[in-house]
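What the sequence shown shows, in the numbering used here, is residues 801 to 1089, in sequence order.
C-beta atoms are modelled at their ideal positions from N, C-alpha and C, and glycine is treated no differently.
Keep in mind that this is a model prediction, so the values were computed, not measured.
Quick notes on the structure that follows.
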Amino acid sequence: MRYKRVAAVAAAATLALGMSACGGDGDGGGSGSGGAKGIVGKAQSQKKLVIGVKADQPGLGIQTGSQYEGFDVEIAKIVAKGLGVDANNIEWKTTVSANREPFIQQGTVDLVVATYTINDERKQKINFAGPYFIAGQDLLVKADSTLAGPEALDGKTVCSVTGSTPAKRIQTEHPKAKLQQFDSYSKCLPLLESGKIDAVTTDDIILAGYAAQSQYAGKFKVVGKPFSSEPYGIGLKKDDKDGCEKVNEILKTAASDGSYKAAWDATLGKSGKAAPELDTTKLTNCGSV
């Protein structure tokens, strides 16, 4: 009798474990419907996303009160919509160049759309979808400046942002320039206006946005000699290959349905610059994860 009771208890325990295992498989570890994980899973299950954007780049990512606007913000809305998340359910998070990778790695944000150049160093830490725009590093100088390009930077004081690709390029390719760094480009502009620095350097489209601001109208000019190629990508966690591929699919759709052009026309297009063509043949393969 005792043997039968022990056997019955063991059988019941085995059955319970089996049921528990089946329940675990169905749960998906908190992922969305169908077991999707990463940003796809979160979008499906929670219908909201946290997206990092710049707050001080006119035409690209600028914050006024609690509102964010600009081309990057519109691209982020397109991506969110493609993932099934309404724009009203996006939590915007201000990012600066130096904290974009930590914000992604730590889960502070789900995506970063913030004039974020795709490069090999960053791809060691995160994954990139895109690029959705190709910029070029240039110089912003006073309107009467004779500084004609990067070859004339020796001994000049140049301002950029800590942790940015443009700052690193000045350090490595123009070491005789005097580099001054801040956490945002907007802090460089009063110094340029007062003549305390000779130039501000970052991507040409960012510089054009600053130069077009009403308080600086006619005071600055973009030199117009780009000395790099800066493919802007959308950053997400390194192991989220499915999310990366989904974002690329959304960008392909945006290129063909007119929403990409509409995002440009509503923001950077106001400068008079025609919308570029989104070359979907250059989208990342999302394989380096």
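>> As an exercise, report each continuous alpha helix (DSSP H) stretch of at least 4 residues that is fully enclosed by the segment 981-1034, in chain order.
In response: 989-994 and 1004-1011
> Three-state secondary structure (DSSP) at A1044?
Replying inline: Here residue 1044 is Cys; the residue named in the question, Ala, does not match the sequence. The answer is helix: DSSP assigns C1044 an H, G or I state.
> Which of the three DSSP states, helix, strand or coil, is assigned to S945?
Replying inline: coil
>> Can you tell me whether L1051 is helix, strand or coil according to DSSP?
In response: helix
> Over what stretch of residues does the alpha helix (DSSP H) that includes S1059 continue unbroken?
Replying inline: S1059 to D1065
> So V1023 and D998 are in contact, right, with Cβ under 8 Å, and what is the actual spacing, rounded?
Replying inline: Not confirmed; about 11 Å, so no contact.
> Along the chain, which unbroken stretches of the alpha helix (DSSP H) at least 4 residues long are found entirely within the segment 917-945?
Replying inline: 920-923
>> Please tell me whether D1079 and A836 are closer than 9 Å, where the distance is taken between their beta carbons.
In response: no
> Cα separation between S986 and D856?
Replying inline: 6 Å
> In whole angstroms, what is the alpha-carbon distance linking E921 and P1076?
Replying inline: 27 Å
>> If contact is defined by three or more beta carbon pairs under 8 Å, each pair taking one atom from either stretch, is the segment 862-872 in contact with the segment 1011-1025?
In response: no
>> If you reduce the DSSP assignment to three classes, tell me which class V961 lands in.
In response: strand
> When the Cα atoms are used, what is the spatial distance from E1102 to A914?
Replying inline: Only positions 801 to 1089 of the chain appear in the structure, and residue 1102 is not among them; the question remains open.
>> On the DSSP bridge list, what partners appear for T894?
In response: V853
>> If I follow the unbroken beta strand (DSSP E) through E869, where does it start and stop?
In response: Q867 to E869
> In chain order, what residues of the same chain have a beta carbon less than 6 Å from the beta carbon of K1005, not counting five sequence neighbours either side?
Replying inline: A quick correction: the sequence has Ile, not Lys, at residue 1005. These residues qualify, in order along the chain: A935.
>> Just to confirm my understanding: we take Q971, look at its own chain, exclude 5 residues before and 5 after, and list those with CB closer than 7 Å. What are they?
In response: L979
> Between which two residues does the beta strand (DSSP E) harbouring G859 extend?
Replying inline: G859 -> no beta strand (DSSP E), and no H or E assigned at all.
> Taking C-alpha atoms, which residue in G1058, K1046, K1073 and L1083 lies nearest to G841?
Replying inline: K1046
>> Please report the distance separating the alpha-carbon of A1063 from that of E874.
In response: 6 Å
> What is the DSSP secondary structure of K881, reduced to helix, strand or coil?
Replying inline: helix
> Are the beta-carbon atoms of P796 and F933 separated by less than 9 Å?
Replying inline: Residue 796 lies beyond the residue range present for the chain, which begins at 801 and ends at 1089; the question has no answer from this structure.
>> Relative to the C-alpha of G884, which candidate in Q905, Q844 and V941 has its C-alpha closest?
In response: Q844
>> With distance defined between alpha-carbon atoms, name the residue in L989, G859 and L911 nearest to D1040.
In response: L911
> Can you name, in chain order, every residue of its own chain whose Cβ lies under 7 Å from the Cβ of H974, other than the five neighbours on each side?
Replying inline: P950 and L953
> Excluding five sequence neighbours on each side, which residues of the same chain lie with their C-beta closer than 8 Å to the C-beta of K847?
Replying inline: G884, V885, D886 and N889
> Can you tell me where the alpha helix (DSSP H) with V840 in it begins and where it stops?
Replying inline: G838 to Q846
> What are the residues that DSSP puts in a beta bridge with V913?
Replying inline: None, per the DSSP bridge assignment.
>> Please report the straight-line C-alpha distance between N919 and G995, rounded to a whole angstrom.
In response: 33 Å
>> Assuming the contact rule is C-beta atoms closer than 8 Å, I851 and A876 should be a hit. Round their C-beta distance to whole Å, please.
In response: 5 Å
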